[in-house]
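Q:
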Amino acid sequence: MREIKEILNLKAEIEDRGTRLDAFLSEKIEGYTKSYTQKLIEDDLVEIIGKKKTRPGNKLKGDEEIKVTLLEDETLDIIPEDIPLDIVYQDEHIVVINKRPDMVVHPAAGHHNGTLVNAIMYHIKDLSTISGVVRPGIVHRLDKNTSGLIIVAKTNEAHLRLTEMFKDKTIKKTYLAICKGNFKNKEDRIENQIGRDSKDRKKMTVVRDNGRTAITNYKVINEVEYFSLLEIDLETGRTHQI
């Protein structure tokens, strides 16, 4: 019998109204495809609190509490792989890696190899164990298509300290983005309500009602005729905010 790996308690927000349950879960649980979340639901591993029967096509109202039970993978065996890494800093406590785009951070359903974890297990022998065997040393993550710096913990002490710093926001995250067009204001603060697009529930857009406040600070670093390079700091962390 497979053991329980993790129990997730998720909360649907008003911006999720009208979204299918399976699509909501595939967005919220890293590495889980829509077909895999459908299997979780069909195996009775997903419960909408207060609802007798849970189905993949259940449309959310935007106020549900959802319990998800994740089981240990029976076949997952993480194999170190000789994948080149761009290591920008390393000491006895941490390693800072410049993750390339199109690389998944850690193994999950549908991504059992070719991940950052497969690579760091090959190149770095001592890693923290707090996140378990599937995510050794992993303290935070970047989306598959996002490049940038990831801090990997070598020791459990470093892992705990980094987790605390991310929670307290004493580690600052700065993003670089290329945007089409030029900006009249070379530095500004954008505050808007964002929610799901009424025509495409996978996308987020600015909405008038029932959205969540998103605050983004930007600064133009460079620009050419049709494009601008921006430095972006997020005051909030909404889904697909940038």
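Numbering (the numbering used here), first residue to last: -13 to 228.
In this text, a Cβ means the ideal position worked out from N, Cα and C, and glycines have one as well.
Just so you know, these numbers come straight off a predicted model, no measurement behind them.
As a quick exercise: from Val206, Asn208 and Asp183, pick the residue whose alpha carbon is nearest that of Asp2.
A: Out of Val206, Asn208 and Asp183, Asp183 has the C-alpha closest to the C-alpha of Asp2.
Q: Between which two residues does the alpha helix (DSSP H) carrying Ile21 extend?
A: A small correction: the amino acid at residue 21 is Ser; Ile does not occupy that position in the sequence shown. Unbroken alpha helix (DSSP H) run through Ser21: Lys20 to Glu28.
Q: For the alpha helix (DSSP H) that Ile106 lies in, which residues bound it at each end?
A: Leu102 to His109
Q: With 16 other CB atoms within 10 Å as the buried threshold, where does Arg194 fall?
A: Under this definition Arg194 is an exposed residue.
Q: Would Gly43 be called buried (16 or more neighbouring beta carbons within 10 Å of its own) or exposed?
A: exposed
Q: Between which two residues does the beta strand (DSSP E) harbouring Asn(-5) extend?
A: Ile(-10) to Lys(-3)
Q: Let me know the secondary structure DSSP gives His145 once reduced to three states.
A: Three-state result, His145: helix.
Q: Taking Asp8 as part of the alpha helix (DSSP H), name the residues at either end of that continuous run.
A: Leu7 to Lys14
Q: Might you give, ordered along the chain, the residues of its own chain that have their beta carbon closer than 8 angstroms to the beta carbon of Asn208, omitting 5 neighbours on each side?
A: Ser214 and Leu215
Q: Expressed to the nearest angstrom, what Euclidean distance is found between the alpha-carbon atoms of Glu(-11) and Thr55?
A: 10 angstroms
Q: Taking the alpha carbon of Arg41 as the point to measure from, which residue in Lys158, Lys189 and Leu7 has its own alpha carbon closest?
A: Leu7
Q: Short check: CB of Lys140 to CB of Val210, under 8 angstroms?
A: It is not a contact, given that the beta carbons lie outside the stated cut-off.
Q: For my contact list, Gly4 and Lys45 are in at a C-beta cut-off of 8 angstroms; report their separation, rounded to the angstrom.
A: Yes, Gly4 and Lys45 are in contact; Cβ-Cβ is about 6 angstroms, under 8 angstroms.
Q: For the candidate residues Ser21, Asn(-5) and Ile228, whose alpha-carbon lies nearest to that of Thr191?
A: With distances taken between Cα atoms, Thr191 lies closest to Ile228.
Q: Using the Cα positions of Leu26 and Gln179, report the straight-line distance between them to the nearest angstrom.
A: 32 angstroms
Q: Check each candidate in Gly118, Ser21, Glu51 and Asn168 and name the one with the smallest Cα separation from Ile64.
A: The option with the nearest alpha carbon to Ile64 is Gly118.
Q: Return the CA-CA distance between Asp219 and Thr132, expressed in angstroms with no decimal places.
A: 15 angstroms
Q: To the nearest angstrom, how far is the alpha carbon of Thr199 from that of Glu177?
A: 7 angstroms
Q: Would you report the Cα separation of Gly48 and Lys(-9), rounded to the nearest angstrom?
A: 27 angstroms
Q: In angstroms, rounded to a whole number, what distance separates the CA positions of Ser75 and Lys153?
A: It is Tyr, not Ser, that sits at residue 75 in the sequence shown. Those two C-alpha atoms are separated by around 22 angstroms.
Q: Check whether the Cβ atoms of Met107 and Pro66 lie closer than 8 angstroms to each other.
A: yes
Q: Just how far apart, CA to CA, sit Thr61 and Leu113?
A: For Thr61, the predicted structure reports a pLDDT of 48, less than 50, and the residue's modelled location is therefore unreliable. A value from the coordinates is still provided. If I take the Cα positions, the gap works out to 22 angstroms.
Q: Between Val125 and Leu148, is the Cβ-Cβ spacing less than 8 angstroms?
A: yes
Q: What three-state label does DSSP hand Asp2 in the structure shown?
A: helix
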